[in-house]
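Q:
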Amino acid sequence: MKLKMWILCLAASLAFAATAQAQPGGGGRGGFGGGRGGFGGGGLMMLAGNEAVQKDLGLTEEGVTKVKGITEEYGTAMRESWGGGQGGGANFQNMTPEERTKAMETRMAAMKTLNEKFTPKLKAAVTPDQYTRLQQISWQAMGAAAYSDAEVVKALTITKEQTDKITSLNEEFGTKTRELFQQGAGGGGAGGFEKMQELNKEREAKINEVLTKAQLETFAKLKGKEFDVAQLRGGRGGPGGPGGGAGGRPKRPQPKGE
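In terms of our numbering, the sequence shown has 394 at position 177, counting the first letter as 1, and numbering is strictly consecutive.
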């Protein structure tokens, strides 16, 4: 899967997940970050297949071979899952709004199942330190979406009030994202990708304003050494393409006081 399409699918999935989170019995404080086995696991799989990430992790030749086998198996399973049944490999541009919603729900459910199956395999193929670093790179690539990851929520001690505000912002931008897809942006065109990037940057800036200076500083430490996420846009990696995140390199906005 090409990087641009993966980012579009990620953003769309976050949009639909944000809506689900607001419903009774929704995602709760962990949100769409997914923790172990949520949507975030797919991002780890994509990242692990990227050559720049593998170099940063210090994978040996044997380690690269192991990871490559897992990510390729994951990619094949994902394509088969997305290509079968309603909403699989269909073109979003040819769908009605209702069909697009159902398609994304189907894809999210399929990805969650695959993440639960493959994430343990990936974790077993690398050292604990390498897996931790992979998680750090994932949070850097995710931008503000990382604030809904269960581990980040716990580490930053994000309050219920902050969670509610973040959820509200995700709903707001989820609506805007769905509108893009309903206009055909889900087809992966350059214009749709650029608009999605603009939405991601705007969403990230607003969500960062919800956090305190101390929380932003904690998150900066949690992400570890800076990784140039621009490297995720080139070269080969992951199942059919390099891994990436929704929104590129996180911005460093002026935070609120504590």
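Every residue, glycine too, gets a C-beta built ideally from N, C-alpha and C.
With burial defined as no fewer than 16 other Cβ atoms inside 10 Å of the residue's Cβ, what is the status of residue 421: buried or exposed?
A: Mapped onto the sequence shown, residue 421 falls at position 204. Answer is buried; the Cβ neighbour count reaches 16.
Q: Rounded to whole angstroms, what is the Cα-Cα separation between residue 388 and residue 397?
A: Position 171 of the sequence shown, counted from the first residue, corresponds to residue 388. Position 180 of the sequence shown, counted from the first residue, corresponds to residue 397. Each residue's alpha carbon lies about 14 Å from the other.
Q: Taking the Cβ atom as the reference point for each residue, do residue 282 and residue 262 lie within a distance shorter than 8 Å?
A: Stepping through the sequence shown from its first residue, residue 282 is reached at position 65. Stepping through the sequence shown from its first residue, residue 262 is reached at position 45. Not a contact, by the Cβ cut-off of 8 Å.
Q: If you compare alpha carbons, which of 270, 375, 286 is closest to residue 430?
A: Start at 1 with the first residue of the sequence shown, and residue 430 comes out as number 213. Comparing Cα-Cα distances from residue 430 to each of 270, 375, 286, the minimum goes to 375.
Q: What does the alpha-carbon distance come out to for the pair residue 297 and residue 419?
A: The residue given as residue 297 occupies position 80 in the sequence shown. The residue given as residue 419 occupies position 202 in the sequence shown. Those two C-alpha atoms are separated by around 34 Å.
Q: Under 8 Å between C-beta atoms, does residue 272 make it to chain C?
A: Within the model displayed, chain C is absent; a lone protein chain is all it includes.
Q: Is residue 429 helix, strand or coil by DSSP?
A: Position 212 of the sequence shown holds residue 429. Three-state result, residue 429: strand.
Q: To the nearest angstrom, how far is it from the Cα of residue 372 to the Cα of residue 443?
A: Looking up residue 372 in the sequence shown gives position 155. Looking up residue 443 in the sequence shown gives position 226. The alpha-carbon atoms of residue 372 and residue 443 are separated by roughly 19 Å.
Q: For residue 380, is the classification buried or exposed, using 16 other Cβ atoms within 10 angstroms of its Cβ as the cut-off for buried?
A: For the purposes of this step, residue 380 is taken as the residue at position 163 of the sequence shown. When all chains shown are included, residue 380 counts as buried.
Q: Mind checking whether residue 339 and residue 294 have CB atoms under 8 Å apart?
A: By 1-based counting over the sequence shown, the position of residue 339 is 122. By 1-based counting over the sequence shown, the position of residue 294 is 77. No, Cβ-Cβ distance for residue 339 and residue 294 is not below 8 Å.
Q: Which word fits residue 269, buried or exposed, when buried means at least 16 other C-beta atoms lie within 10 angstroms of its C-beta?
A: The residue you call residue 269 lines up with position 52 of the sequence shown. So residue 269 counts as buried.
Q: Using only the alpha-carbon positions, how far apart do residue 345 and residue 352 sit?
A: Stepping through the sequence shown from its first residue, residue 345 is reached at position 128. Stepping through the sequence shown from its first residue, residue 352 is reached at position 135. The alpha-carbon atoms of residue 345 and residue 352 are separated by roughly 11 Å.
Q: Would you say residue 356 and residue 369 are within 8 Å of each other, going by their C-beta atoms?
A: Within the sequence shown, numbered from 1, the residue matching residue 356 stands at position 139. Within the sequence shown, numbered from 1, the residue matching residue 369 stands at position 152. Contact flag set, yes.
Q: Three-state secondary structure (DSSP) at residue 285?
A: Within the sequence shown, the letter at position 68 stands for residue 285. Correct three-state label for residue 285: helix.
Q: Answer yes or no: do residue 416 and residue 435 have a C-beta to C-beta separation smaller than 8 Å?
A: Taking the sequence shown and counting its residues from 1, the one referred to as residue 416 is at position 199. Taking the sequence shown and counting its residues from 1, the one referred to as residue 435 is at position 218. Contact: no.
Q: Counting C-beta neighbours from all protein chains within 10 Å, is the total for residue 320 16 or more, i.e. buried, or is it exposed?
A: Here the question's residue 320 lines up with position 103 in the sequence shown. With 16 or more Cβ atoms within 10 Å of its Cβ, residue 320 is classed as buried.
Q: Enumerated in chain order, which unbroken segments of the beta strand (DSSP E) with a length of 3 residues or greater are wholly contained in the region 306–359?
A: For the region 306–359, not a single whole beta strand (DSSP E) run of length 3 or above is found.
Q: Within a Cβ cutoff of 6 Å, which residues of the same chain sit near residue 272, ignoring the five residues on either side of it in sequence?
A: Position 55 of the sequence shown holds residue 272. Once the five neighbours on either side are set aside, residue 272 has no close Cβ partner at all.
Q: Within the same chain, show all residues whose beta-carbon is closer than 7 Å to that of residue 265, passing over the 5 residues directly before and after it, in chain order.
A: Here residue 265 refers to the residue found at position 48 when the sequence shown is read from its first residue. Counting only Cβ-Cβ distances below 7 Å, and skipping sequence neighbours, we find 284, 288, 339, 351.
Q: Assuming residue 275 contacts residue 347 under a Cβ cut-off of 8 Å, what Cβ separation, rounded to an integer in Å, is found between them?
A: The residue labelled residue 275 in the question sits at position 58 within the sequence shown. The residue labelled residue 347 in the question sits at position 130 within the sequence shown. The pair is a contact, with the Cβ atoms about 7 Å apart (cut-off 8 Å).
Q: Do residue 441 and residue 358 count as a contact pair if the criterion is CB distance below 8 Å?
A: For the purposes of this step, residue 358 is identified with residue 141 of the sequence shown, where counting begins at 1. For the purposes of this step, residue 441 is identified with residue 224 of the sequence shown, where counting begins at 1. No, they are not a contact pair.
Q: Please state whether the Cβ-Cβ distance between residue 423 and residue 386 is less than 8 Å.
A: Position 206 of the sequence shown, counting from 1, holds the residue named residue 423. Position 169 of the sequence shown, counting from 1, holds the residue named residue 386. Result yes, Cβ atoms of residue 423 and residue 386 sit closer than 8 Å.
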